[in-house]
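Enquirer: Residue numbers (this note's numbering): 9 to 310. Glycine included, each C-beta is placed from N, C-alpha and C at the ideal position. Mind having a look at this structure? Questions to follow.
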C-alpha cells in the first residue's frame, strides 16, 4: 500500500548463510526448513518451508513460483508473466535461488521492471544495492566513530549463547541476564562500558515479556546519554522489532554489511544519531563479538 506496487518479487534465499530456495521451498544447510535446526527453535519453531503456503496463510494474495531453471536461463517464463499479468492486480512471485549469482540475475531483472516490489533477505539487498546506488554518492554513509556497544540478545538460538560465552574469554564484557527472580534493570543502567543484555537460558517468565523489559531498560539508559558514538546490536528478529519500536525509530539508513546477514545502519534518535546492528540469532561466527568490535573501532572502508 505504501509503495503503490501490486506486484512483489519474493526471494528469501541467502546462500552466504546456507539459505536457499528450491521449488519454492526454503532449505537450510541443504535440508528442508522443517527438518533443519530452525524447526527446533525454542521460541519460533520453523515447521513450514513451503513459501506459497506461508503467503497464502498470511496474506491471501495469489502467488506464482519461478523455478531455478527459469532463473538460470534468463527468466523467459517470468518475463512473460510480468508482461501479461495486469499491473492493477495483486500478485507475488516466489523466486528460486541457489547461489549469489542467482540473486544477481534476479536483481538485474528487478532493475528492468521498476513496477515490482522486491522482498527478501540481505542476500537480495546485497545484489540490488550496487544497482540502486550507482552514481548516488549522496546516499552512501561512512561507519561513524563508535566507542561503546550495547548488545541486546533476545534470541535463544544456541549460536547466540555460544557467541556470548566465547566473548568472555577475551573481551570480558559484563552480561546481564533477564529471567531470574530479581529484575536486573538497575544493573543495566549502572554499567558504563560495553554490555550484553540477554535472556537467562531457562527464564522464569514469558520470553516476549522479558525482551520487552530488556528493551525498556536499555531505552531508559540511552535516554540519559549521547548516542552519537554508541552502537546497539539487536540479535533476533523479535528483539530487533521490539528495540526499534521501543526507541521510536521509523527509518534506517543502511551503512553496510559486517558479515552475511549482519547489517549496520544509522538512525535518528532524538537529537542524536545511533548506529544499529541487526542479525538473526543463528547468524555470525563463534567469535562474532570480537570481530564486530574490531570492525566497529578500526578504520576501514565499507
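#1: According to DSSP, is residue 28 part of a helix, a strand, or is it coil?
#2: Mind checking whether residue 152 and residue 274 have CB atoms under 8 Å apart?
#3: Excluding the five sequence neighbours on either side, which residues of its own chain have a C-beta within less than 6 Å of the C-beta of residue 70, listed in chain order?
#4: Since residue 312 sits in a beta bridge, which residues does DSSP pair it with?
#5: Within 10 angstroms of the Cβ of residue 176, are there 16 or more other Cβ atoms? Answer buried if so, exposed if not.
#6: Can you give me the Cβ contacts of residue 60 inside the same chain, cut-off strictly under 8 Å, excluding the 5 residues immediately before and after it?
#7: With distances taken between CB atoms, is the gap from residue 20 to residue 29 smaller than 8 Å?
#8: Quick check on the burial criterion: 16 or more other C-beta atoms within 10 angstroms. Buried or exposed for residue 171?
#9: Inspect the CB distances between the region 207 to 222 and the region 177 to 192 and report whether three or more fall short of 8 Å.
#10: What number of angstroms, rounded off, separates the C-alpha of residue 44 from the C-alpha of residue 292?
#11: Quick check on residue 222: buried or exposed, where buried means 16 or more other Cβ atoms within 10 Å of its Cβ?
#12: Would you call the CB atoms of residue 166 and residue 181 closer than 8 Å?
#13: Taking residue 273 as part of the beta strand (DSSP E), name the residues at either end of that continuous run.
#14: In this structure, does DSSP put residue 145 in helix, strand or coil?
Expert: The relevant details are as follows:
#1: Here residue 28 corresponds to residue number 20 of the chain shown, with the count starting at 1. Strand.
#2: Looking up residue 152 in the chain shown gives position 144. Looking up residue 274 in the chain shown gives position 266. Taking 8 Å as the Cβ cut-off, residue 152 and residue 274 qualify as a contacting pair.
#3: Counted from its first residue, the chain shown places residue 70 at position 62. Taken in chain order, the residues that qualify are 99.
#4: Not covered by the structure: residue 312. The range shown for the chain is 9 to 310.
#5: Translated into the one-based positions of the chain shown, residue 176 becomes position 168. Exposed, by the Cβ-count rule.
#6: Indexing the chain shown from 1 puts residue 60 at position 52. Closer than 8 Å at the Cβ level, and outside the excluded window around residue 60, lie 32, 71, 73 and 102.
#7: For this step, residue 20 is matched to residue 12 along the chain shown. For this step, residue 29 is matched to residue 21 along the chain shown. Contact: yes.
#8: Stepping through the chain shown from its first residue, residue 171 is reached at position 163. Answer is buried; the Cβ neighbour count reaches 16.
#9: yes
#10: Indexing the chain shown from 1 puts residue 44 at position 36. Indexing the chain shown from 1 puts residue 292 at position 284. When rounded, the distance between both Cα atoms is 18 Å.
#11: Counting from 1 along the chain shown, the entry for residue 222 is found at position 214. That one is buried.
#12: As a first step, residue 166 is located in the chain shown; it is residue number 158 there, counting from the start. As a first step, residue 181 is located in the chain shown; it is residue number 173 there, counting from the start. No, Cβ-Cβ distance for residue 166 and residue 181 is not below 8 Å.
#13: Here residue 273 is taken as the residue at index 265 of the chain shown, counted from 1. Run containing residue 273: 270 to 277, per the beta strand (DSSP E) assignment.
#14: As a position in the chain shown, residue 145 is number 137, starting the count at 1. Here the model assigns residue 145 a pLDDT of 47, short of 50, so the residue's position is not dependable, and the following value carries that caveat. Residue 145: helix per DSSP, three-state reduction.
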